[in-house]
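Undergrad: The sequence shown: position 529 = 529 (the UniProt record's numbering), numbered continuously. Would you mind keeping the following structure in view while I ask a few things?
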Amino acid sequence: MWLKALPKNNKKCVCKVCNTEILCGKSELLKHAESKKHLKNMSAVNSSSRISSFFSTNNTPKHQNAVKSAEIRLSIFFAEHNVATHTIYHLMPLLKDIFPDSKVCQDIQLGRTKCTEIIKNIVGNYETNLLVKDLRDTSFSVLVDETTDISAKKSMCVLVRYTKQFKVVTQLLELVQLNAADCSAVELYNFLKNCFNKHEIPIANIVGVASDGANVMVGKNNSLFSHLKSEVPDIILMRCICHSSALVAGCAELPSSVENLIRSISTYISGSAKRCAILQEIQEFMQLETTKILNLSTTRWLSRHACIVRILDNWEAIKHFFTLAVFEDKLKSAEDILNKMQDMRSKAYLLFLKYALNFLNSFNALFQPRKVLIHNLFDSSEKLLKQICSNFLKPEVYAANRNLSEINVKHPNNFEQLQNINLGIECQEFIRNMPQTEKNYILKMCLQFYITVAAQIQSRLPLNNMFFRNLQFLDPEVAFNFNNRTKFNVDIKEVAKMYPNHINLTQLSVEWQNLPNAFNEFEILDFKNMAIEEMWLKIIDSKNFNDEYLFPNLKQIINIVLSLPHFNAEAERIFSLVTDIKSKKRNRIDDDFINPNLTSTSKNTQMKTKLHSLGLVCDKQGISDGSVAAIASSVLKDVKIITTEGSSKIDENKVARERNKFRNTPKKEF
Numbered sequence: 001m002w003l004k005a006l007p008k009n010n011k012k013c014v015c016k017v018c019n020t021e022i023l024c025g026k027s028e029l030l031k032h033a034e035s036k037k038h039l040k041n042m043s044a045v046n047s048s049s050r051i052s053s054f055f056s057t058n059n060t061p062k063h064q065n066a067v068k069s070a071e072i073r074l075s076i077f078f079a080e081h082n083v084a085t086h087t088i089y090h091l092m093p094l095l096k097d098i099f100p101d102s103k104v105c106q107d108i109q110l111g112r113t114k115c116t117e118i119i120k121n122i123v124g125n126y127e128t129n130l131l132v133k134d135l136r137d138t139s140f141s142v143l144v145d146e147t148t149d150i151s152a153k154k155s156m157c158v159l160v161r162y163t164k165q166f167k168v169v170t171q172l173l174e175l176v177q178l179n180a181a182d183c184s185a186v187e188l189y190n191f192l193k194n195c196f197n198k199h200e201i202p203i204a205n206i207v208g209v210a211s212d213g214a215n216v217m218v219g220k221n222n223s224l225f226s227h228l229k230s231e232v233p234d235i236i237l238m239r240c241i242c243h244s245s246a247l248v249a250g251c252a253e254l255p256s257s258v259e260n261l262i263r264s265i266s267t268y269i270s271g272s273a274k275r276c277a278i279l280q281e282i283q284e285f286m287q288l289e290t291t292k293i294l295n296l297s298t299t300r301w302l303s304r305h306a307c308i309v310r311i312l313d314n315w316e317a318i319k320h321f322f323t324l325a326v327f328e329d330k331l332k333s334a335e336d337i338l339n340k341m342q343d344m345r346s347k348a349y350l351l352f353l354k355y356a357l358n359f360l361n362s363f364n365a366l367f368q369p370r371k372v373l374i375h376n377l378f379d380s381s382e383k384l385l386k387q388i389c390s391n392f393l394k395p396e397v398y399a400a401n402r403n404l405s406e407i408n409v410k411h412p413n414n415f416e417q418l419q420n421i422n423l424g425i426e427c428q429e430f431i432r433n434m435p436q437t438e439k440n441y442i443l444k445m446c447l448q449f450y451i452t453v454a455a456q457i458q459s460r461l462p463l464n465n466m467f468f469r470n471l472q473f474l475d476p477e478v479a480f481n482f483n484n485r486t487k488f489n490v491d492i493k494e495v496a497k498m499y500p501n502h503i504n505l506t507q508l509s510v511e512w513q514n515l516p517n518a519f520n521e522f523e524i525l526d527f528k529n530m531a532i533e534e535m536w537l538k539i540i541d542s543k544n545f546n547d548e549y550l551f552p553n554l555k556q557i558i559n560i561v562l563s564l565p566h567f568n569a570e571a572e573r574i575f576s577l578v579t580d581i582k583s584k585k586r587n588r589i590d591d592d593f594i595n596p597n598l599t600s601t602s603k604n605t606q607m608k609t610k611l612h613s614l615g616l617v618c619d620k621q622g623i624s625d626g627s628v629a630a631i632a633s634s635v636l637k638d639v640k641i642i643t644t645e646g647s648s649k650i651d652e653n654k655v656a657r658e659r660n661k662f663r664n665t666p667k668k669e670f
């Protein structure tokens with residue numbers, strides 16, 4: 001605006017360009033605006049430069065950091081969302097064209113090579129160094145597992161679990177590339193040890209090892225764990241409870257015809273769109289929910305339950321489908337399936353499995369969450385065995401005061417009478433009117449299933465391990481109640497004895513005895529409403545009036561115990577991410593590039609990623625100063641060709657070549 005108010009005169013105003021007083025009437029203002037003098041002065045003003053334009057803001061530290069921050073965040077976007085880096089040659093010109101008024105956007109110099117280096121140096125090295133710094137000074141557990149990717153390369157996932165800032169953190173340290181020609185226990189141990197030596201992490205800080213139960217990993221005599229224990233005697237082996245429960249289900253005995261029936265039904269129907277559509281029409285006619293038949297996995301035995309439930313829910317519809325298929329298709333496979341479905345035993349077995357497998361599925365689901373559940377492991381294992389035993393053993397055999405791990409589940413004298421074996425309400429109602437010989441045959445087969453499952457539970461779950469029994473001290477109902485400590489026979493000293501080099505047992509006993517009296521009833525009530533890890537990490541952080549920790553030895557044992565994992569599913573999640581990153585179209589991706597990508601895409605509850613844990617995500621408002629400093633010192637310095645003045649021309653030439661290639665490609669005629 002070229003007008004301004006005239007002080008002490010509301011009827012006049014001043015033209016700032018001409019320095020002339022004008023009446024405030026509309027006609028007077030328009031007349032002045034069209035005058036030659038005003039137009040000449042306005043032209044002179046518009047052609048002159050502002051003083052601020054003589055001072056460039058593009059070279060200020062604030063602007064440079066904003067550009068670097070944008071480059072980091074764009075690179076993080078490519079890693080976090082698994083986008084191919086060659087697309088950056090199209091993205092950057094597009095962004096600069098969309099935001100021509102953004103100085104930050106116009107000054108971004110980011111190509112494929114530079115983006116890759118940022119991912120490697122920022123996402124890989126910088127954030128991993130923060131993790132390594134933590135591990136050098138704290139106790140932690142290791143979660144290990146092997147995999148083979150799409151390019152037939154073997155690797156070992158090394159995750160660590162430790163406590164940090166009132167949280168339990170499970171984080172990827174490295175995906176170690178293995179020699180596929182020799183994956184013996186000694187070689188695996190050497191690879192693991194080299195991984196820790198490379199990062200200068202003391203191997204003595206390891207307090208636990210978790211694995212899926214493979215012999216090469218956790219075998220008694222010659223395994224990765226046995227070699228590690230020979231060097232670090234205090235470590236504890238944690239078999240993945242989810243893998244163990246799945247193996248229990250996998251070892252259960254039933255006629256092979258049952259599994260073959262489930263597999264045959266899913267293979268016959270799911271392999272054809274026409275057959276799926278016919279089944280859907282039958283479901284709609286019978287007013288059933290239109291659901292697909294699930295495929296039975298060959299290794300995930302707990303998936304049997306979901307497949308069985310789906311087949312039983314659609315039993316009559318499937319039966320009608322195969323009756324129609326036998327008449328129309330005249331295939332031997334359809335006829336065989338129909339004959340099996342018409343056999344009363346088949347449905348009886350499926351109804352029994354629906355009941356029995358539910359116990360194992362519920363147990364497995366209980367330990368799927370990432371929160372701390374290790375203190376429930378012993379009690380839940382006992383409950384599972386009792387649930388199974390209650391279906392076929394006499395009540396006095398599995399009484400509350402008995403050691404369940406010592407029960408002979410295979411001795412006939414401990415069995416209920418055959419007709420009293422519990423097969424579940426649905427199965428028992430189904431076989432009620434069957435001939436007695438048929439009924440007895442089914443009961444004997446189901447009894448064998450129960451015997452096998454109970455024996456496997458005794459063998460694979462920690463029922464006779466006093467270490468896991470004593471971990472119940474983590475439960476607030478035990479920790480703050482002297483009576484419950486006696487009732488559950490929990491002794492924290494037995495846990496601490498596993499780590500004599502870390503804890504003073506005498507001082508720990510005093511702190512454990514004083515714990516219930518250190519807090520009032522309202523504080524204890526608040527503790528009971530917290531998550532286990534949050535509760536204990538707040539307790540051990542308590543101080544007295546002299547600013548001294550109240551429970552220094554309890555703090556040591558809590559940090560150790562909370563770092564012990566109850567499952568190894570995090571490694572499986574990492575392998576799923578490897579499959580996403582190293583796909584069929586990207587099967588030649590550099591191994592050095594996989595680790596940083598996993599860093600930015602692997603997620604868990606407490607710390608979604610190394611980036612997420614520090615606020616370094618692509619949609620976050622700010623990037624830490626440390627990251628900007630890192631890119632300035634490590635990336636921009638090393639990748640000189642990309643930071644030179646001609647780098648943008650190189651990128652533009654690449655874009656031009658790709659565009660010309662696309663334009664010159666002959667178009668298909670339709």
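For each residue, glycine too, the CB sits at the ideal point set by N, CA and C. Everything numeric in this text was worked out from a predicted model, so none of it was measured.
For N501, collect the residues of the same chain with a Cβ closer than 7 Å to its Cβ; drop the 5 residues on either side in sequence, then sort them by chain order.
TA: D234
Undergrad: Can you list the alpha helix (DSSP H) stretches of 4 or more residues lying completely in the stretch 75-146, in chain order?
TA: 88-98, 103-107, 112-118 and 127-135
Undergrad: Might you give, ordered along the chain, the residues of its own chain that have their beta carbon closer than 8 Å to the beta carbon of R112, omitting 5 neighbours on each side?
TA: T85, H86, I88 and Y89
Undergrad: Is Y162 helix, strand or coil by DSSP?
TA: Three-state DSSP puts Y162 in a strand.
Undergrad: For the beta strand (DSSP E) holding V309, just list the boundary residues, first then last.
TA: No beta strand (DSSP E) contains V309, which is instead part of the alpha helix (DSSP H) from S303 to D313.
Undergrad: Under the DSSP definition of a beta bridge, which residues are partnered with I318?
TA: Looking at the DSSP assignment, I318 forms no beta bridge with any residue, so it has no partner.
Undergrad: When DSSP labels each residue in this structure, what does Q287 get in the three-state scheme?
TA: Per DSSP, reduced to three states, the secondary structure at Q287 is coil, with no helix or strand assignment.
Undergrad: Taking all protein chains shown into account, decide if I241 is buried (16 or more other Cβ within 10 angstroms of its Cβ) or exposed.
TA: Burial state of I241 is buried, judged by a 10 Å Cβ sphere holding 16 or more other Cβ atoms.
Undergrad: In terms of residue numbering, what span does the beta strand (DSSP E) encompassing L3 cover?
TA: L3 to A5
Undergrad: From Y499, S43, E494 and Q472, pick the residue whose C-alpha is nearest to that of residue 715; which is it?
TA: It is not possible to answer for residue 715, since the shown part of the chain is limited to 1 through 670.
Undergrad: When DSSP labels each residue in this structure, what does L296 get in the three-state scheme?
TA: coil
Undergrad: The alpha helix (DSSP H) that contains V218, what's its start and end?
TA: N215 to V218
Undergrad: Could you give the C-beta distance for S244 and L461, rounded to a whole number, given that I count them as a contact under 8 Å?
TA: So it is a contact: roughly 6 Å between Cβ atoms.
Undergrad: Distance, Cα to Cα, E284 vs E316?
TA: Our two residues, E284 and E316, have alpha carbons roughly 12 Å apart in a direct line.
Undergrad: Between A571 and D145, is the Cβ-Cβ spacing less than 8 Å?
TA: yes
Undergrad: Applying the criterion that 16 or more other CB atoms from any shown protein chain within 10 Å of the CB defines a buried residue, is G25 buried or exposed?
TA: exposed
Undergrad: Answer with buried or exposed for D651, where buried requires no fewer than 16 other C-beta atoms within 10 angstroms of its C-beta.
TA: Unreliable positioning characterises D651 in this predicted model, as indicated by a pLDDT of 47, which lies under 50. The coordinate reading is nonetheless provided below. With 16 or more other Cβ atoms within 10 Å, it is buried.
Undergrad: I think T170 touches L537, with their Cβ atoms under 8 Å apart; what is that distance to the nearest whole Å?
TA: Under the criterion of beta carbons closer than 8 Å, T170 and L537 do not qualify as touching, at roughly 15 Å.
Undergrad: Start and end of the beta strand (DSSP E) containing V169?
TA: K167 to Q177
Undergrad: At a cut of 8 Å, does the stretch 207-225 reach the stretch 181-188 through at least three beta carbon pairs?
TA: Judged by Cβ distances under 8 Å, the stretch 207-225 makes contact with the stretch 181-188, as three or more pairs qualify.
Undergrad: Could you check if S155 is buried or exposed, using at least 16 other CB atoms within 10 Å of its CB as the buried criterion?
TA: By the neighbour-count rule (16 or more Cβ atoms within 10 Å), S155 is buried.
Undergrad: Go ahead and label K16 buried or exposed: buried means 16 or more other beta carbons lie within 10 angstroms of its beta carbon, across all protein chains shown.
TA: exposed
Undergrad: Going by DSSP, what residues sit across from V209 in a beta bridge?
TA: Paired residues: V142 and L237.
Undergrad: Decide if the stretch 362-374 is in contact with the stretch 338-352; the criterion is three or more beta carbon pairs, one per stretch, under 8 Å apart.
TA: no
Undergrad: Classify S378 as helix, strand or coil using the three-state DSSP reduction.
TA: Looking at the sequence provided, one finds Phe at residue 378 rather than Ser. Here F378 sits in helix by DSSP.
Undergrad: Check whether the stretch 499-514 touches the stretch 563-578, counting contact only when three or more Cβ pairs, one atom from each stretch, lie closer than 8 Å.
TA: no
Undergrad: V104 and A152 look like a contact to me (Cβ under 8 Å); what is the Cβ gap, rounded to whole Å?
TA: Contact flag wrong, Cβ pair sits at about 44 Å.
Undergrad: CB L143 to CB P565, shorter than 8 Å?
TA: yes
Undergrad: Does DSSP classify D638 as helix, strand or coil?
TA: Confidence in D638 is poor, its pLDDT being 44 and thus under 50, which makes the residue's placement unreliable; the coordinate value appears in the next sentence. Note: D638 maps to coil in three-state DSSP.
Undergrad: First and last residue of the beta strand (DSSP E) that includes V490?
TA: Neither: V490 is in no beta strand (DSSP E) and is coded neither H nor E.
Undergrad: Is the beta carbon of E534 closer than 8 Å to that of L562?
TA: For L562 and E534, no; Cβs fall outside 8 Å.
Undergrad: Just how far apart, CA to CA, sit K386 and N470?
TA: 20 Å
Undergrad: Applying the criterion that 16 or more other CB atoms from any shown protein chain within 10 Å of the CB defines a buried residue, is I407 buried or exposed?
TA: buried
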